[in-house]
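Q:
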Amino acid sequence: MRGSHVCSLVSSLVFLWLGVAAAQKASSWKTLSVRSNAMHVYKANGQLTISGNAPAIIAKGGFSGIFPDSSEFAYQFALIASSPDTILYCDVRLTKDGLGICLPDIKMDNCTNIPDFYQQGRKSYLVNGVSTAGWFSVDYNGTELGQVSLKQSIFSRSPRFDPSFFPILAVEDIASKFKPPGMWLNVQHDSFYSQFNLSMSNYILSVSKRVIADYISSPEVSFLTKVSGKLSNNTRLVFRFLDESTIEPSTKQTYGSMLKNLTFVKTFASGIIVPKKYIWPVSPDNYLEPHTSVVDDAHKAGLEIYAADFANDFMFSYNHSYDPLAEYLSFIDNGCFTNLKKRKTDHGKPLIISHNGASGDYPACTDLAYQKAVDDGADVIDCPVQLTKDGIPICMSSINLMDDTTVAKSQFASQTAVIKDIESVLGVFTFNLTWDDIVKNLRPKISTPFSSFKLDRNPRYRNAGNFMRLSDFLDFTKDKDLSGIMISVEHAAFVAEELGFDMVDSVIKTLDAAGYSNQTAQKVMIQSSNSSVLVKFKQQTKYDLVYMINEEVKDAAPSSLAAIKKFADAVSVEGNSIFPENRHFTTYQTNLVESLQNAGLPVYVYTLMNEFASQPYDFFSDATAQINAYVQVNTCMHMGNNTPSFMAPARPGDLLQIISKPAQPPAMSPMPLLTGSDVAEPPLPPARTAQAPSLASRMQAHAAIVVTLAMLLACHPLV
């Protein structure tokens, strides 16, 4: 298994993945410690006591990262995919005839298709003193809204479920249809409804006689004061804090100032719910700052506290490396999960292989990236070998320096060229520059594969770290707690024919010089997508050889399996060759892994990344869920028959089948079969002799031709 970070949509849950550990013993949760800031407490004999229970899981609008917020599918799926004690959360709105419905926003135009039915229904009203335009529930009765359907309101999430009809649900529907273990009703804009002779407080008092509301929250003091003391003793009133600079409508104080007077909040509420940044603030450039005292302050005031605004596909602090589980574990602590990252001497299955080091945190193949990969618990760290102009093997993620260095802003930028044998884009290549040219004039540059989603990686360290030669890499790994190293070799035939260097020979000599040919403490793995490279390594070494299938295939023909077994000990495959994707949904599981394993070939999958945009929707924008689909690595899961169903890996194709036929993506083209002819290659050519024309001289001649043509065009412009 390979990943850009060793560990790291769906949820608008207060805690989503924490539900995975709900089946653990209560004592395993270190709730309410100063460091962990967990949110689940109870009151005994007038004192707040550490419960040790799993944190409360509140599904805001249900499983709203996949299905429309507050829809039937969202609520149903939340109870299936999370802990069985998940609490369903409803944002209550009122209709013209006083019906309480669940909608994520006071304006209906973004979360429903109401404009399709009432084109002239756009109105402007004062909402907390601010003129707000849109479609509002107060203009329609329950019958008129019967034809309106909910839709996905967050644009980064898939709209493919929207064509299904998702009726707007009443509060009573949530209780009767789903019979949840708990209900949370959130009430906002009480004064807005009073403009239309509607009373939210009267509605809540009335509905609470028919529906058990375990929690009622509101960001409005006046509303909570009205209902305080008039509800069941089993109903908790929770004051909801909005952004610190926002003004609370009844007291006219900012929520930030109200946070300093929690004893006042205690007079009308038993708990508070705060945005997560109230507990762990972030700097303007999105890094964690020291945690605040708000948890302790709430406890001292006799208040329970809940944290909000968690979602796997929202931007969160760079400190968490886009890993939602890491963020959740910074608020609570459970040894089952935190122990996963602790280093162990026994490197068992699955094997975790870095991808250019921890390249999600630091520039690829730098000393910092490799050290972070070791610290994070990688079993194997990798070096993709490239050769410099003076024949030095270096660790660089790409032969094109434009990808991961600052060469584009250097004096070498004029050397850009297209070399079709390598790639069809302009580049300055490692073999254009000497090692001294690179190390003295360039800086590393962190990769940003999802910049179109504005998912930058660790910008404070954008150009941090030092480049490493293969010899530096081998010196670094010798005393590290690793089961092995992986060296990747590509473009060997081109380098031999055009540059006169033997890459296989260079790697073997460097490994020999570092003492790796006569040691057994660390396994040496050589990976290549070229069978000719691995054949040559097999002839000259006893290292473990990994054949990389760098194309998407559905299976391997017997002829290809027989061919691979002649030179390779294992195979690495793309994730799409295991779970093919169609418009970001998995479609099915291929037979490729089974065929390879039946042939006695271990299988590695590449490349796993934390960013939600890299994962199919089936994995809920959660790197841990994606890993769980490939191999069950979580030590929390050794429960035998007691394992709850929601901890099972996602089944490929399930979400795709739920999409209505008109919204189904077009059918995929059939994936090819890997055949023996795909694997077979001629032997590597010998390194070019000094008499043959070099690539550099031909590139210079090419440049001269380009300059001459440019001069001719300048003298004779085209008409």
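So the sequence shown is residues -23 to -1, 1 to 696, counted in mature numbering (1 follows the signal peptide of the UniProt record, and there is no 0). From the three backbone atoms N, C-alpha and C, an ideal C-beta is built for every residue, glycine too.
Between the stretch 93 to 104 and the stretch 37 to 54, are three or more C-beta pairs nearer than 8 angstroms?
A: At 8 angstroms Cβ cutoff, the stretches do not touch.
Q: Return the first residue and the last residue of the beta strand (DSSP E) that Ile43 is part of.
A: First-last for Ile43: undefined, no H or E at that position.
Q: Per DSSP, which one or two residues make a beta bridge with Leu127?
A: Paired residue(s): Thr89.
Q: To test your reading of the DSSP string, which unbroken alpha helix (DSSP H) runs of 4 or more residues are found completely within the stretch 633 to 667?
A: Taking only runs of at least 4 residues, the alpha helix (DSSP H) segments lying wholly in the stretch 633 to 667 are 653 to 656.
Q: When burial is assigned at 16 or more other CB atoms within 10 Å of the CB, is Arg437 buried or exposed?
A: Arg437 comes out exposed.
Q: Please return the same chain residues whose Cβ sits closer than 7 angstroms to the Cβ of Arg187, not counting the five positions on each side in sequence.
A: Around Arg187: Glu149.
Q: Grab the span of the beta strand (DSSP E) containing Met177 for me, first residue to last.
A: First-last for Met177: 177 to 184, but that is the alpha helix (DSSP H), not the beta strand (DSSP E).
Q: Residues bridged to Ser101 by DSSP?
A: Answer is Ala110, bridged to Ser101.
Q: For Ser195, write down the residues that DSSP places opposite it in a beta bridge.
A: According to DSSP, which records beta bridges pairwise, Ser195 is partnered with Phe216.
Q: Where do the N-terminal and C-terminal ends of the alpha helix (DSSP H) with Asn418 fall, by residue?
A: Residues 412 to 418.
Q: Measuring only the C-alpha atoms, how far is Pro226 from His276?
A: Between Pro226 and His276, the C-alpha separation is close to 26 angstroms.
Q: When we look at the beta-carbon of Gly77 and count the other beta-carbons within 10 Å, is it buried (16 or more) or exposed?
A: Gly77 is buried by the Cβ-count criterion.
Q: Give a yes or no on whether the C-beta atoms belonging to Tyr255 and Val271 are separated by under 8 angstroms.
A: Cβ distance < 8 angstroms, so Tyr255 and Val271 count as in contact.
Q: Restricting to Cα atoms, I'd like to know which of Ala278, Glu304, Phe427, Lys422 is closest to Leu284.
A: In the sequence on display, residue 284 carries Ala and not Leu. Considering only alpha carbons, the answer is Glu304.
Q: With a 10 Å radius around its C-beta and 16 neighbouring C-beta atoms as the bar for buried, classify Asp414 as buried or exposed.
A: Buried is the call here.
Q: Can you tell me where the beta strand (DSSP E) holding Asn575 begins and where it ends?
A: Here Asn575 belongs to no beta strand (DSSP E); instead the alpha helix (DSSP H) covers 569 to 575.
Q: Once DSSP output is grouped into helix, strand and coil, what is the label at Leu338?
A: Note on residue identity: the sequence assigns Asp, not Leu, to residue 338. Asp338: coil per DSSP, three-state reduction.
Q: Excluding the 5 residues preceding and the 5 following Arg137 in the sequence, name in chain order all residues of the same chain whose CB lies nearer than 7 angstroms to its CB.
A: Cβ neighbours of Arg137 beyond the five flanking positions: Ile636, Ala640.
Q: Taking buried to mean at least 16 other C-beta atoms within 10 Å of its own C-beta, is Phe132 buried or exposed?
A: Answer is exposed; the Cβ neighbour count stays below 16.
Q: Run through the stretch 525 to 599 for me and flag every whole alpha helix (DSSP H) of 4 or more residues, listed as ranges in chain order.
A: As far as the stretch 525 to 599 is concerned, its whole alpha helix (DSSP H) runs of at least 4 residues are 535 to 542, 569 to 575.
Q: Excluding the 5 residues preceding and the 5 following Val(-4) in the sequence, name in chain order all residues of the same chain whose CB lies nearer than 6 angstroms to its CB.
A: Reliability fails at Val(-4), whose pLDDT of 29 lies under 50, so the model's placement of it is uncertain and the value that follows must be treated cautiously. Same-chain partners within the cutoff: Met624.
Q: Count the other C-beta atoms from every protein chain shown that fall within 10 angstroms of the C-beta of Val395, then say buried if there are 16 or more, exposed otherwise.
A: By the neighbour-count rule (16 or more Cβ atoms within 10 Å), Val395 is not buried but exposed.
Q: Using a Cβ-Cβ cut-off of 6 angstroms (strictly less than) and excluding sequence neighbours within five positions of Gln634, which residues of its own chain qualify?
A: Counting only Cβ-Cβ distances below 6 angstroms, and skipping sequence neighbours, we find nothing.
Q: Residue range of the alpha helix (DSSP H) that Pro608 falls in?
A: The sequence as given places Val at residue 608; Pro does not occur at that position. That residue, Val608, is in no alpha helix (DSSP H); it is neither H nor E in DSSP.
Q: Can you find at least 3 beta carbon pairs, one from the stretch 338 to 358 and one from the stretch 449 to 456, that sit closer than 8 angstroms?
A: The stretch 338 to 358, when compared against the stretch 449 to 456, does touch it at the 8 angstroms Cβ threshold.
Q: Considering only residues of the same chain and omitting the five flanking positions on each side of Ala190, which have a CB-CB separation below 6 angstroms?
A: Excluding residues within five positions, the ones whose Cβ falls inside 6 angstroms are Met160, Leu162, Thr212.
Q: On the DSSP bridge list, what partners appear for Val384?
A: Per DSSP, none; premise fails for Val384.
Q: Give me whichever residues DSSP pairs with His332 in a beta bridge.
A: DSSP output for His332 lists Ala335 as bridge partner(s).
Q: DSSP three-state label for Phe389, please.
A: Coil.
Q: Is Ser391 buried or exposed, if buried means 16 or more other CB atoms sit within 10 Å of its CB?
A: Exposed is the call here.
Q: Would Glu588 pass as a contact of Tyr264 if the rule is Cβ separation under 8 angstroms?
A: Not in contact: Glu588 and Tyr264 (Cβ atoms no closer than 8 angstroms).
Q: Out of His468, Asn87, Arg665, Asp489, which has the shortest C-alpha to C-alpha gap to Thr407?
A: Considering only alpha carbons, the answer is His468.
Q: Pop quiz: Val530 and Pro660 are said to be a contact at Cβ under 8 angstroms. What is the actual Cβ separation, rounded to whole angstroms?
A: The Cβ separation is near 24 angstroms, so there is no contact.
Q: Can you tell me whether Ala33 is buried or exposed, with buried defined as 16 or more other CB within 10 angstroms of its CB?
A: Ala33 comes out buried.
Q: With Val582 and Ile555 assumed to form a contact (beta carbons below 8 angstroms), what rounded beta-carbon distance in angstroms separates them?
A: Yes, they are in contact, since the Cβ atoms of Val582 and Ile555 sit about 6 angstroms apart, within 8 angstroms.
Q: Do Thr89 and Lys37 count as a contact pair if the criterion is CB distance below 8 angstroms?
A: Contact flag unset, no.
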